[in-house]
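Here is the structure we will look at, set down as structure tokens.
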Amino acid sequence: MARRSNGVTLQQLASFIEVAAEGSISAAADLLYVAQPTLSAAMKELEARVGRTLLVRSARGVALTPDGVEFLGYARQVVEQVALLEQRYLGGPPSRRLLGVSTQHYSFAVDAFVRTVRRTEGAEYEFSLRETRTWDIIEDVRTLRSDLGIIYRNDFNRDVIAKLLRDSGLEFRPLFIARPHIFVSRTNPLAAKERVTLADLADLPRLAFDQGTNNSFYFAEEILSTLSSAREVRVSDRATIFNLMIGLDGYTISTGIVSDDLDPAITAVPLDVDERIEIGWIGHSAIPLTDLAQRYLDEVRAVVSGFGVALLDDDHGRRTRTSG
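Remember, my numbering sits 7 above the position in the sequence shown when you count from 1.
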């Protein structure tokens, strides 16, 4: 007769994942069709078995402790691997594939996401792509709303971003170094130039992505954000900024990687400055990436290399999960 394990059960892991996703034991209990006291007791038993506090309980619901964040990453991997095992060997239903990405406003990030979705096997999946503000990207990854985030850093914002990531239990892994370009409409007179200078931009509206209440120069998506501009327009999404490039002959400064398929009316022109833009991904220091998240990063690398941009060595820019 098999001995009963005193360890963690698969049901406890699945319930914990649901509680973390809902931020509420009562809401998770409704979804799991169990009584709230039963689920609450199960979570306390889980914490007792692992010997760590995983949840902070309050009148507003529950939040993950640092141990809870780490535990959640491994719990997700275990549940996903069991689903794959049942599908392959026990005739279970296809596994629902999950992926969340938060990113600054880069067309290469969207292009890679499209490729990932198209190449994903399985009848069911649940993906999310959030083009959003720098602060929100960090929060999305910190709270596990997203598996990873795509942001940039340079000499100006490096120390501030590093401290914020460190305080959030996150780390930055570089993908590539880009030379600054301006994005303009193909009808803009500057579109025909081989390169432009800051003086060329003096009379054009500068377009920038709004950073909301965290509107610090350190969180700006555009380099040289501290330079004054006589005319500046802030926007919240990439479609609007491209429309304003066309309607106002405005410009923004970015990586120079723009998809002809996704953004055919926009072109990139090199900007003659000494700055460099380091693009990378952020993730939890203690939680390895899932296979699907790693596949997305592989697609990012493929898109970027297709533009002739050199990728950084995998030893510095890649981190694979250790199990599963």
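Don't be surprised by glycine CBs; every beta carbon is placed ideally from N, CA and C. Keep in mind the model is a prediction, meaning the values are calculated, not measured.
Just to confirm the assignment: which complete beta strand (DSSP E) runs, minimum length 3, are found wholly within the region 231 to 261? Correct list: 239 to 242 and 259 to 261.
Point to revise | Limits of the beta strand (DSSP E) - the one that A317 falls within | key: The sequence position of residue 317 within the sequence shown is 310, counting from 1. Premise fails: A317 is in no beta strand (DSSP E) and is neither H nor E.
| From what residue to what residue does the alpha helix (DSSP H) around V69 run? | If you number the sequence shown from 1, residue 69 lands on position 62. Counting along the chain, V69 falls outside any alpha helix (DSSP H), though it belongs to the beta strand (DSSP E) covering G68 to L71.
| query | If you compare alpha carbons, which of S109, L38 and V280 is closest to G287? | reply | As a position in the sequence shown, residue 287 is number 280, starting the count at 1. Out of S109, L38 and V280, the CA that lies nearest to the CA of G287 is found in S109.
What number of angstroms, rounded off, separates the C-alpha of A169 from the C-alpha of I284?
-> As a first step, residue 169 is located in the sequence shown; it is residue number 162 there, counting from the start. As a first step, residue 284 is located in the sequence shown; it is residue number 277 there, counting from the start. Looking at the two C-alpha atoms, the distance is approximately 15 angstroms.
Next on the checklist: Looking at E282: is its Cβ nearer than 8 angstroms to the Cβ of N161?
Outcome noted: For the purposes of this step, residue 282 is taken as the residue at position 275 of the sequence shown. For the purposes of this step, residue 161 is taken as the residue at position 154 of the sequence shown. N161 sits close to E282, with the two beta carbons spaced by under 8 angstroms.
query: Which first and last residues belong to the beta strand (DSSP E) in which I157 is found?
result: On the sequence shown, residue 157 is found 150 positions in, with the first residue counted as 1. Under the DSSP assignment, I157 falls in the beta strand (DSSP E) whose first and last residues are L155 to R160.
Q) Is it right to say R67 is buried, meaning 16 or more other beta carbons lie within 10 angstroms of its own, or is it exposed? A) Reading the sequence shown from its first residue, position 60 is the one you call residue 67. With fewer than 16 other CB atoms across the displayed protein chains lying within 10 angstroms of its CB, R67 is exposed.
Query raised in the report: What does a CB cutoff of less than 6 angstroms around R325 pick up in its chain, not counting 5 residues either side in sequence?
Result: Stepping through the sequence shown from its first residue, residue 325 is reached at position 318. Any answer about R325 is weak, because its pLDDT of 43 lies below 50 and its placement is not dependable; what the coordinates show is given next. Here the set comprises nothing.
| request: My understanding is that V265 touches A275, with C-beta atoms under 8 angstroms, so please give their C-beta distance in whole angstroms. | output: Reading the sequence shown from its first residue, position 258 is the one you call residue 265. Reading the sequence shown from its first residue, position 268 is the one you call residue 275. Confirmed, Cβ separation roughly 5 angstroms.
Going straight from the alpha carbon of L53 to that of L255, what length do you get? Taking the sequence shown and counting its residues from 1, one reaches residue 53 at position 46. Taking the sequence shown and counting its residues from 1, one reaches residue 255 at position 248. In this structure, the straight-line span from the alpha carbon of L53 to that of L255 is close to 58 angstroms.
**OP:** Closer than 8 angstroms by C-beta to L319: which residues in its own chain qualify, once you throw out the five before and the five after it? Chain order, please.
**Re:** Along the sequence shown, one-based indexing puts residue 319 at 312. Cβ within range, chain order: P181, L182, F183 and I184.
- In the structure shown, what three-state DSSP assignment does P187 receive? Stepping through the sequence shown from its first residue, residue 187 is reached at position 180. P187 falls in the coil class under three-state DSSP.
*Whole angstroms is fine: what's the gap from R165's alpha carbon to T45's?*
On the sequence shown, position 158 is the one that residue 165 refers to. On the sequence shown, position 38 is the one that residue 45 refers to. Put simply, the backbone Cα of R165 is about 47 angstroms away from that of T45.
_With a threshold of 8 angstroms, are at least 3 pairs of Cβ atoms found where one atom belongs to the region 291 to 309 and the other to the region 108 to 124?_
Taking a contact to require three or more Cβ pairs closer than 8 angstroms, the region 291 to 309 and the region 108 to 124 qualify as touching.
For the beta strand (DSSP E) containing L62, list its first residue and its last residue. Walking along the sequence shown from the start, residue 62 turns up at place 55. Per DSSP, the unbroken beta strand (DSSP E) holding L62 starts and ends at L62 to S65.
For D154, count the other beta carbons within 10 Å of its own beta carbon; 16 or more makes it buried, fewer makes it exposed. Which is it?
Walking along the sequence shown from the start, residue 154 turns up at place 147. Label assigned to D154: buried.
Subject >> S121 and L20 closer than 8 angstroms at C-beta >> reply: Along the sequence shown, one-based indexing puts residue 121 at 114. Along the sequence shown, one-based indexing puts residue 20 at 13. For clarity, residue 121 is Val in the given sequence; the question names Ser instead. Against a cut-off of 8 angstroms, the Cβ pair of L20 and V121 comes out as no contact.
**Study point:** Closest Cα partner of L151 within the set A309, G315, V310 and A293
**Key:** The residue labelled residue 151 in the question sits at position 144 within the sequence shown. Nearest option by C-alpha distance: A293.
Beta-carbon contacts of L171 that lie in its chain and below 7 angstroms, excluding the five residues immediately before and after | Here residue 171 refers to the residue found at position 164 when the sequence shown is read from its first residue. Result list for L171: I145, in chain order.
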